[in-house]
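Everything on this sheet refers to the single structure shown next.
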């Protein structure tokens, strides 16, 4: 023990101060925590973002997606957001509130930098996102495979055995039993949707399990890309294996971690058997679309402590798994030509020339992620099959991709 008078006085003062702080904490700690925890963690997120960029440029800070998306200081007032408004929204017919765009949200490093809603649209409006929904289906399967409920190479015959009555009257049943989950996610099963003119197409992917299996039509060799627009079979696989519908499962295991509630933030239509549809029918707010994109940018982390979607699954989503043939019609629906590099995998489109990967829905519904620039964008448009939606979609994506746009939104 150091008995020097000065040291003893200093130690005694330090001890008294420590006791005082401890007593104060006992009586006031609960009030302090309740009132300040949110502000502290929010500040920590911002500090982490700055430190991560300085010390590890490749390491991204993780936003807590159970909270509302925050805005940058110059949100919707930066030159980049004005460029987006001028170049994309007004281009359709010369007026800001005209054209086909309903809404968009752009995030930079997890914060809102640009946001737009046409007349009749608000931040709480839910729009049918069409095949963007399949991006959600993919993430569910990434989680379910990681949890051991499925295997990526698992065949349909292991989910519904060949003697199961669901195969009765299903054409090409023996071939369909050999389809794997991976092939359905990559659109390489050798099967495709029936023609638009077919009565089968009107069934929207199948109103029953038997109908969903019958819906698939053989068109090519296994391994070749042929886009299957309806994912009803995958949704039925969830019902068969887990005993709940995709919505029931997601309402417990997925949506809450993005602070999404049924009836308030999303709605999901079902077929005649109560199984959620696998193409259209999921309606989301544009803000929640952007939040989902941020989840992907964060490599599946819903918060710093919650790895919601396996990181390796998100990395596979972002990779170029299956080349899309130059003559595939879906290139045109995205405004892309035959020479534009485009690939598909796990129900996402990798637009390599723009450095982004996207969940894409009919008529230009998008959730896109630019990993290198830490940018996310969500876009909704009117439903239609004219040329304006693909042209507007491409212009939107090109504008967000442009380095000048990125510099201008970050000028704060």
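Numbering (the working numbering), first residue to last: 36 to 447.
The C-beta atom is built at its ideal place from N, Cα and C for all residues, glycine as well.
Extent of the continuous alpha helix (DSSP H) to which residue i belongs
| i | result |
| --- | --- |
| residue 268 | 267–277 |
| residue 212 | Segment: none, residue 212 is in no alpha helix (DSSP H) and carries neither H nor E. |
| residue 428 | 423–436 |
| residue 238 | Per DSSP, residue 238 belongs to no alpha helix (DSSP H) and is neither H nor E. |
| residue 250 | 244–250 |
| residue 349 | 346–352 |
| residue 193 | 191–194 |
| residue 96 | It is not in any alpha helix (DSSP H) - residue 96 carries neither H nor E in the DSSP assignment. |
| residue 365 | 364–367 |
Closest by C-alpha distance to residue i, when choosing among the options
| i | options | result |
| --- | --- | --- |
| residue 262 | 226, 195, 249 and 287 | 226 |
| residue 157 | 315, 138 and 332 | 138 |
| residue 442 | 331, 185, 287 and 408 | 408 |
| residue 300 | 116, 414 and 317 | 317 |
| residue 259 | 363, 397, 122 and 375 | 363 |
| residue 380 | 387, 367 and 352 | 352 |
| residue 230 | 223, 295, 240 and 221 | 240 |
| residue 254 | 272, 222 and 273 | 222 |
| residue 173 | 150, 319 and 331 | 331 |
| residue 251 | 208, 286 and 152 | 208 |
| residue 397 | 95, 404 and 165 | 165 |
Run of the beta strand (DSSP E) containing residue i, from where it starts to where it stops
| i | result |
| --- | --- |
| residue 385 | 383–386 |
| residue 231 | Per DSSP, residue 231 belongs to no beta strand (DSSP E) and is neither H nor E. |
Classification of residue i by the beta-carbon crowding that lies within 10 angstroms, buried from 16 upward
| i | result |
| --- | --- |
| residue 143 | buried |
| residue 85 | Low confidence applies to residue 85: its pLDDT is 44, below 50, so where it sits in the model is not reliable enough to give any reading. |
| residue 211 | buried |
| residue 361 | exposed |
| residue 41 | Here residue 41 scores only 47 on pLDDT, less than 50, and its place in the model should not be relied on; the value that follows carries that caveat. By the 10 Å Cβ count, residue 41 comes out exposed. |
| residue 200 | exposed |
| residue 421 | exposed |
| residue 425 | buried |
| residue 198 | exposed |
| residue 275 | exposed |
| residue 439 | exposed |
| residue 103 | exposed |
| residue 129 | Residue placement at residue 129 is flagged as unreliable, the pLDDT there being 48, under the threshold of 50; the coordinate-derived value follows with that caveat. Under this definition residue 129 is an exposed residue. |
| residue 178 | buried |
| residue 328 | buried |
| residue 234 | exposed |
| residue 333 | buried |
| residue 108 | exposed |
| residue 213 | exposed |
| residue 218 | buried |
| residue 281 | buried |
| residue 249 | buried |
| residue 415 | buried |
| residue 203 | exposed |
| residue 382 | buried |
| residue 307 | exposed |
Assumed close pair residue i, residue j - CB separation to whole angstroms, cut-off 8 Å
| i | j | result |
| --- | --- | --- |
| residue 148 | residue 110 | 6 Å |
| residue 376 | residue 387 | 4 Å |
| residue 304 | residue 312 | 5 Å |
| residue 294 | residue 411 | With a Cβ gap of about 16 Å, residue 294 and residue 411 do not count as contacting. |
| residue 169 | residue 266 | 5 Å |
Fill in: Contiguous beta strand (DSSP E) assignments of at least 3 residues, all confined to the region 281–343
301–303, 317–319 and 336–338
Discussion item. My parser needs the alpha helix (DSSP H) runs of 4 or more residues fully inside the region 103–180; what are they?
Written reply: If we require 4 residues or more, the alpha helix (DSSP H) runs fully inside the region 103–180 come out as 114–119.
Worksheet entry | Ranges of the beta strand (DSSP E) found wholly within the region 375–420, counting only runs of at least 3 | Segments of the beta strand (DSSP E) lying fully in the region 375–420: 377–380, 383–386, 391–396, 400–405 and 410–416.
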